[in-house]
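Student:
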Amino acid sequence: MWASGIRPEALGVRLNEHASISGDVLIDAERLGLTDADIPHPPSGEPFIGSYWSPSIGAARPMHGQLMERDVEGAGHVLSVGWYCVTEIRPENRVEFSDELTDALGLPHMTVHFSYSEKDWEMIRATQKVQFAAANAVGSFDPESSDVLPPGASLHFTGTVRMGTEDDGTCVVDTDGRVWGYENLFLVGNGVIPTALTCNSTLTGSTLAVRTARALMSV
Ligand SMILES: Cc1cc2nc3c(=O)[nH]c(=O)nc-3n(C[C@H](O)[C@H](O)[C@H](O)COP(=O)(O)OP(=O)(O)OC[C@H]3O[C@@H](n4cnc5c(N)ncnc54)[C@H](O)[C@@H]3O)c2cc1C
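In the numbering used here, the protein residues as written are 3 to 221.
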């Protein structure tokens, strides 16, 4: 859009990404009463035994756990205790487009500005408490192994062409995905997601794309 000269005020602004916290805990077979026979061994080349989740349930627990059970050579029966949590939607977090520099595809060079606010860090610390409690339910979790991954690590980026109910400079498209001020320009993809997610983003983006497809059918 920037390269095409379509540059709404909100383009690239309010980039959002949930924070990601990783960690591993050795599953304590004795405590859980498991024997070797209870632990499935995945086929060769398949590292995962199972994948589970602890869903976000809104304000009461705005964090999402992604738990991967693995048979790790040399380490044993391990549960990866990854947790995601919301971050604030702030205009400071944004993509800046260059009018001078281009990328390898000849498109405007992008500079990403993103940082965690104090409120984000509070949420990250609260999420680590949930992670510690869950991990300690199946083994003995070393808090030092809880790792807050650098921004960008989630690959779940949203909000840079966000959807909104009013053309007030904070959003790029209306609730049908139509770019404000244009009759025949529609956007889909995770960029239109207007809310802060705690989970993988593609399903949410896809549901909004269905909404836009329905609107397009009536154009
Ligand atoms: C390794 C990896 C694993 C992931 N795992 C998950 C997961 O398990 N679950 C999950 O929910 N999400 C996952 N994601 C994130 C998910 O892939 C993205 O969030 C999602 O694909 C974004 O969809 P999109 O339609 O917004 O953008 P994209 O899928 O990036 O689609 C944009 C399309 O536009 C095309 N394009 C770009 N510029 C131009 C141009 N100038 N002209 C024409 N075409 C152009 C691109 O080629 C691309 O096909 C993962 C991402 C990665 C990289």
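Even for Gly, the Cβ is constructed at its ideal location relative to N, Cα and C.
1. Kindly indicate which three-state DSSP category W182 falls into: helix, strand or coil?
2. For a test of the three-state rule: what should DSSP assign to N95, helix, strand or coil?
3. Exposed or buried, what is T89 when buried is set at 16 or more other beta-carbons lying within 10 Å of its beta-carbon?
4. Under 9 Å, do G207 and T160 count as touching if we go by C-beta distance?
5. Confirm the yes/no value for this check: CB of V190, any heavy atom of ligand 1, distance under 8 Å.
6. For H158, which residues does DSSP report across the bridge?
7. How about N202: is its Cβ closer than 8 Å to a heavy atom in ligand 1?
8. Out of curiosity, what's the CA-to-CA distance linking H111 and V97?
9. Can you give me the Cβ contacts of H43 inside the same chain, cut-off strictly under 7 Å, excluding the 5 residues immediately before and after it?
10. With DSSP as the reference, please indicate the residues paired to N18 in a beta bridge.
11. Pick out the complete beta strand (DSSP E) segments inside the stretch 12-94, 3 residues or longer, and give them in chain order.
12. What does the Cβ neighbour count give for S147, buried or exposed, with the cut at 16 atoms within 10 Å?
13. Taking the alpha-carbon positions, what's the K131 to W182 distance?
14. Quick check: the Cα distance between T129 and W55, rounded to an integer number of angstroms?
15. Based on the DSSP output, what are the partners of F188 in its beta bridges?
16. Determine the extent of the alpha helix (DSSP H) in which W3 is found, giving its start and end residues.
17. Please confirm whether Y118 and A21 have their CB atoms less than 9 Å apart.
18. Heavy atom of ligand 1 less than 8 Å from the Cβ of G193, yes or no?
19. Rounded to the nearest angstrom, what separates D40 and I195 at their Cα positions?
20. Based on the DSSP output, what are the partners of H115 in its beta bridges?
21. Could you check what DSSP says for E102 in three-state terms: helix, strand or coil?
22. With a 10 Å radius around its C-beta and 16 neighbouring C-beta atoms as the bar for buried, classify E19 as buried or exposed.
23. Kindly indicate which residue of Q133, A5, A217 has the alpha-carbon position closest to the one of L107.
24. Is it the case that the CB of F159 approaches a heavy atom of ligand 1 more closely than 8 Å?
Tutor: Taking the definition as stated:
1. coil
2. In this structure, N95 counts as coil in the three-state DSSP scheme.
3. buried
4. It is a contact, given that the beta carbons lie within the stated cut-off.
5. yes
6. Answer by DSSP bridge pairing: none, since H158 is not bridged.
7. yes
8. 10 Å
9. D73
10. T160
11. 21-24, 26-28, 50-56, 65-74, 78-87
12. exposed
13. 42 Å
14. Taking C-alpha positions only, T129 is separated from W55 by approximately 14 Å.
15. R180
16. Note that residue 3 is Met in the sequence shown here, rather than Trp. M3 -> no alpha helix (DSSP H), and no H or E assigned at all.
17. Result yes, Cβ atoms of Y118 and A21 sit closer than 9 Å.
18. yes
19. Cα to Cα, D40 sits roughly 42 Å from I195.
20. Per DSSP, R96.
21. strand
22. buried
23. A5
24. yes
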